[in-house]
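Asker: Protein sequences appear in the order of chains V and H.
Under my numbering, residues 1 to 86 are what the first sequence spells out, in order.
Under my numbering, residues 1001 to 1117 are what the second sequence spells out, in order.
All residues carry an ideal CB built from backbone N, CA and C; glycine is no exception.
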Amino acid sequence: MAEIIINIAGYIALFALALSFIRMILGPTTADRAVALDTMTIISISLIAFIASKSMRIIYLDVATVYALISFLGVIAVARYIERGI
Amino acid sequence: MAVLDILGALITLIGSLFLLLGSIGILRMPDVYNRMQAGTKATTLGSMLFLLGLGISYIECGCIGRIIVLILFILFTNPISSHALARAAHHAGIKLADVSIRDCLKDDEQEQEGASV
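1. What separation, rounded to the nearest whole angstrom, lies between the Cα atoms of H:ILE1074 and V:THR65?
2. So V:VAL66 contacts chain H; which residues on that side make the cut at Cβ distance below 9 Å?
3. Counting pairs of Cβ atoms below 8 Å between the segment 1058-1066 of chain H and the segment 1075-1084 of chain H, do you hit three or more?
4. With 8 Å as the limit, tell me which residues of the segment 31-51 of chain V have their beta carbon closer than that to any beta carbon of chain H; keep them in chain order.
5. Whose C-alpha, out of V:THR30, V:VAL63 and V:ALA2, is nearest the C-alpha of V:ILE48?
6. On the three-state DSSP scale, how would you describe H:CYS1063?
7. Against H:LEU1085, what residues of chain V qualify as contacts under a CB-to-CB distance less than 8 Å, listed in chain order?
8. DSSP on V:SER40, reduced to helix/strand/coil?
9. Measuring straight from C-alpha to C-alpha, what distance separates V:ILE139 and V:ALA31?
10. Would you list, in chain order, the members of the segment 14-25 of chain V that have their beta-carbon closer than 7 Å to a beta-carbon of chain H?
11. With a threshold of 16 other CB atoms inside 10 Å of the CB of V:ARG84, please say whether the residue is buried or exposed.
12. Along chain V, in chain order, which residues have C-beta atoms closer than 7 Å to that of H:ARG1035?
13. Am I right that V:PHE12 and H:LEU1020 are in contact with their C-beta atoms under 8 Å? What's the rounded C-beta distance?
14. Can you tell me whether V:SER71 is buried or exposed? The criterion is at least 16 other CB atoms within 10 Å of its CB, across all chains shown.
15. H:ASP1031 to V:MET1, Cα distance in whole Å?
16. Are H:ASN1034 and H:ALA1097 closer than 8 Å when you measure CB to CB?
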């Protein structure tokens, strides 16, 4: 029962990833694409933790932490680029 | 343990629904500021609930500590990045949607310029 509910939650998160990917392709400005990429990163962190829990490998959670750190730095860099150029 | 499993699975399901709502908001909102609000607030809460539910449901693998660190990291950094992006978009001159009523940041900047002159 619990396994089935968690699998459904994983599929819903995957669908959400696809929806925000559509916005990243369509987005009229750079800021739209950066926002969509930020959302995609957060959903991907959730999915990495999902895979780590399903396969019982704690090491994947470290991967998720480093991914969150790099995504934060990347969004800050894109924001500086939009504001005043490189 | 069965109760904890079901509880964690339900929390995970609620979190994934918040993630889906954030993505639908990103797809349907009219301008970049509204998209930023939907995509940051809903997604922060959704990912926190998702990770917490996974940590409760799979408590026997001993990963709850790392998941709490991950939750705290997302909670602290996601609003900061969204704030920096919104400020940069406003300084770059991206227009608000046509249905917007007022722009408080623009009003404040004009007030400061008037005071300095």
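Answerer: Looking at the atomic coordinates:
1. The residue labelled residue 1074 of chain H in the question sits at position 74 within the second sequence. The residue labelled residue 65 of chain V in the question sits at position 65 within the first sequence. Their backbone Cα atoms lie some 9 Å apart in a straight line.
2. Along the first sequence, one-based indexing puts residue 66 of chain V at 66. Ordered by position in chain H, no residue passes the 9 Å Cβ test against V:VAL66, which lies about 10 Å from the chain.
3. no
4. ALA31, ASP32, ALA34, VAL35, ALA36, ASP38, THR39, ILE42, ILE43, ILE45, SER46, ALA49 and PHE50
5. The residue given as residue 48 of chain V occupies position 48 in the first sequence. Closest by alpha carbon: V:VAL63.
6. The residue given as residue 1063 of chain H occupies position 63 in the second sequence. When secondary structure is reduced to three states using DSSP, H:CYS1063 falls in the coil class, being assigned neither helix nor strand.
7. Position 85 of the second sequence, counting from 1, holds the residue named residue 1085 of chain H. Within 8 Å Cβ-Cβ: ALA31, ALA34, VAL35, ASP38, VAL75, VAL78, ALA79 and ILE82.
8. If you number the first sequence from 1, residue 40 of chain V lands on position 40. Looking at the sequence itself, residue 40 of chain V is Met, so the reference to Ser does not match. Reduced to three states, the DSSP call for V:MET40 is helix.
9. Any property of residue 139 of chain V remains undetermined from this structure, which presents chain V solely from 1 to 86.
10. PHE15, ALA16, LEU19, SER20, ILE22 and ARG23
11. Within the first sequence, the letter at position 84 stands for residue 84 of chain V. So V:ARG84 counts as exposed.
12. Taking the second sequence and counting its residues from 1, the one referred to as residue 1035 of chain H is at position 35. Here the neighbours are ASP32 and VAL35.
13. Taking the first residue of the first sequence as 1, we reach residue 12 of chain V at position 12. Taking the first residue of the second sequence as 1, we reach residue 1020 of chain H at position 20. Note that residue 12 of chain V is Ile in the sequence shown here, rather than Phe. The Cβ separation is near 5 Å, so the contact holds.
14. In the first sequence, counting from the first residue as 1, residue 71 of chain V sits at position 71. Here V:SER71 is buried: its Cβ has 16 or more other Cβ atoms, across all protein chains shown, within 10 Å.
15. For this step, residue 1031 of chain H is matched to residue 31 along the second sequence. For this step, residue 1 of chain V is matched to residue 1 along the first sequence. Rounded to the nearest angstrom, the two C-alpha atoms are 41 Å apart.
16. Here residue 1034 of chain H corresponds to residue number 34 of the second sequence, with the count starting at 1. Here residue 1097 of chain H corresponds to residue number 97 of the second sequence, with the count starting at 1. Contact flag set, yes.
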